[in-house]
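Trainee: For the sequence shown, the residue numbers in the UniProt record's numbering are 1 to 331.
Cβ atoms here follow ideal geometry from the backbone N, Cα and C, with glycine treated the same way.
Model, not experiment: these values are computed from the prediction.
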Amino acid sequence: MVAAVAAVGLLGACGSDDDAPAETDGGEATSEGDVTVGLITKTETNPFFVTMRTVATDYAQEQGVGLTALAGEFDGDNEGQVQAMENLISQGVDGIMITPNNSSGVLGAIEQARSQGIVVIALDTATDPEDAVDATFATDNFEAGRLQGAYVRAVLGDEEPRLIMLDGTAGGTVDTFRHDGFLEGFGLEEGDPAILGMENTQGDQNTAQTAMENLLQRSPDVNAVYTINEPAARGAYAAIEARGLTDQVTIGSIDGGCEGVQDVADGKYAATVMQFPAEMVRQGIDAIVEAAGGGEAPSGFVDTGSVVITDNPIEGIESEDTAWGLENCWG
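1) Tell me whether residue 195 sits in a helix, a strand or coil according to DSSP, three-state version.
2) For residue 88, tell me which candidate among 113, 260, 220, 35 has the shortest Cα-Cα distance.
3) What are the partner residues of residue 41, as DSSP defines its beta bridges?
4) Return yes when at least one heavy atom of the ligand ATP lies under 7 Å from the C-beta of residue 44, else no.
5) Is the Cβ of residue 45 closer than 8 Å to any Cβ of chain C?
6) In or out: residue 299 buried (at least 16 other Cβ within 10 Å) or exposed?
7) Which residue from 124, 134, 101 puts its Cα closest to that of residue 111?
8) Pick helix, strand or coil for residue 240, following the three-state DSSP scheme.
9) Tell me whether residue 16 is buried or exposed, calling it buried when 16 or more other Cβ atoms sit within 10 Å of its Cβ.
10) For residue 215 versus residue 164, is the C-beta spacing smaller than 8 Å?
11) Identify which residue in 178, 248, 100, 314 has its Cα closest to the Cα of residue 128.
12) Excluding sequence positions up to five away, which residues of its chain have a Cβ less than 8 Å from the Cβ of residue 218?
13) Should the segment 54–61 be regarded as contacting the segment 136–148, the criterion being three or more beta carbon pairs within less than 8 Å?
14) Express the C-alpha separation of residue 283 and residue 306 in angstroms, rounding to a whole number.
15) Are residue 124 and residue 65 touching if we call contact CB-CB under 8 Å?
16) Can you tell me the Cβ-Cβ gap for residue 297 and residue 93, rounded? I've got them flagged as a contact below 8 Å.
17) Do residue 69 and residue 39 have their C-beta atoms closer together than 8 Å?
18) Apply the 10 Å Cβ neighbour rule to residue 137 and answer buried if 16 or more other Cβ atoms are within range, or exposed otherwise.
19) Apart from the five residues just before and just after residue 324, which ones in its own chain have a Cβ nearer than 8 Å to its Cβ?
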C-alpha cells in the first residue's frame with residue numbers, strides 16, 4: 001500500500017536531480033547522515049509533493065542528514081501513510097515530516113512515533129487536533145483560499161457571479177480551509193444560489209476535467225471557477241477551452257508551481273496563489289536537526305507564506321507578476 005519512491009528530478013525551475021541518491025531495492029529515496037529524517041508525502045505524482053521530495057533530498061545532502069522518502073499511492077491513501085509511519089518508526093529515525101492525507105487518520109501512528117522520542121512535523125496539512133504533532137510548517141490555507149476568492153470576485157466587477165467549485169478530497173483539512181476561505185474572499189456563503197455546482201477532484205487534472213465537463217452540461221453560463229490546486233485548474237481550463245468559453249470564465253487557483261505560473265502568464269488562469277513547499281521542507285529539516293542536537297523542539301503553527309501571482313493586478317490585493325513568480329516558484 002505504500003509507494004516508496006526516489007526523489008525525482010527537474011520540475012520546471014524548481015529543482016534538480018543531479019545529486020539525487022540512488023534508489024534502494026525497496027524503492028525508498030535514501031541518503032545517509034548522523035541525523036535521520038523521514039518524509040511522507042500524500043502521493044508520488046502530484047508536482048507539489050514531487051518538489052517537496054526533490055528539495056528534501058538536496059537539502060538533506062547539503063546538511064549531512066539521512067533521508068528516507070515515502071508516499072501514499074494516491075490522494076487519500078491513509079492506510080499507506082500509516083504503514084510508512086510504522087516503517088520509519090522501526091528504522092528509529094530522529095524525526096518524521098508528513099503531509100497527512102487524512103488529518104485524523106494517522107493520529108495513532110503519530111502518537112506511537114512521539115512516544116518513542118521521534119519529532120513529528122506536519123507539512124502543508126495540519127492534523128486534527130493540531131497539537132497531535134510537535135509542529136506544523138504550512139501555508140495558511142484559509143488565507144490562500146481567501147486571496148483566490150477575493151481576486152476572482154474582483155475580476156468579475158459588477159457582473160453577477162455564477163460560480164463552479166472544483167474541490168479536492170472530501171473531509172481534508174486543506175480542502176476545507178481553502179474552500180471556506182475562497183467563499184469568504186468571494187463574498188458568498190455555503191448554499192448560495194450563485195454556486196452552480198461543486199465536485200471533488202482529488203486534485204487530479206483528468207478527474208477535474210471530467211467534473212468540469214459534466215458541470216458545464218448543466219451550467220454553461222458559469223463565469224467563475226474555484227480550483228483546489230493547479231492540476232485541477234488545468235483540467236478545468238481544458239474543459240472550458242473545448243467549449244469555447246475561455247473569454248467568459250475567470251479561473252483562480254492555488255499552488256504557485258512553475259507550470260502553474262506559466263499558465264497564468266499564458267492567460268489560462270487569472271491568478272494563482274503561490275505556496276512555498278521548499279521552505280516548509282527546509283524549515284522542517286532544520287527543526288529536527290536542532291532538536292536531535294539537544295536544542296529546543298519545534299512547536300505550534302508556522303505560516304510559510306502565500307502570494308497572489310497575476311499579470312493583472314487589482315487595487316487592494318497585494319500581488320506579484322509572473323516574472324517574479326517564475327523566479328520564485330516553489331522556492
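Mentor: Taking the coordinates as given:
1) Of the three classes helix, strand and coil, the one that applies to residue 195 here is strand, per DSSP.
2) Nearest of 113, 260, 220, 35 to residue 88, Cα basis: 113.
3) Looking at the DSSP assignment, residue 41 forms a beta bridge with 71.
4) Ligands displayed in this structure: none; no statement on the ligand ATP is therefore possible.
5) Judged by its chain identifiers, the structure shown contains no chain C, having just a single protein chain.
6) So residue 299 counts as exposed.
7) Looking only at 124, 134, 101, the smallest Cα-Cα distance to residue 111 is reached by 134.
8) Of the three classes helix, strand and coil, the one that applies to residue 240 here is helix, per DSSP.
9) Unreliable positioning characterises residue 16 in this predicted model, as indicated by a pLDDT of 31, which lies under 50. A coordinate reading is not provided.
10) Against a cut-off of 8 Å, the Cβ pair of residue 164 and residue 215 comes out as a contact.
11) The candidate whose alpha carbon is nearest that of residue 128 is 100.
12) In chain order, 196, 197 place their CB closer than 8 Å to the CB of residue 218, counting only its own chain and leaving out the 5 sequence neighbours on each side.
13) No: the two stretches stay apart, fewer than three of their Cβ pairs being nearer than 8 Å.
14) Approximately 16 Å, taken between the alpha carbons.
15) Between residue 124 and residue 65, the C-beta spacing is not below 8 Å.
16) In fact, because the Cβ distance is near 15 Å, the residues do not count as touching under 8 Å.
17) Their beta carbons are under 8 Å apart, which means residue 69 touches residue 39 by this criterion.
18) By the Cβ-count criterion, residue 137 is buried, with 16 or more other Cβ atoms from all chains shown falling within 10 Å of its own Cβ.
19) Excluding five sequence positions before and after residue 324, the CB atoms of its chain that fall closer than 8 Å to its own CB belong to 309, given in chain order.
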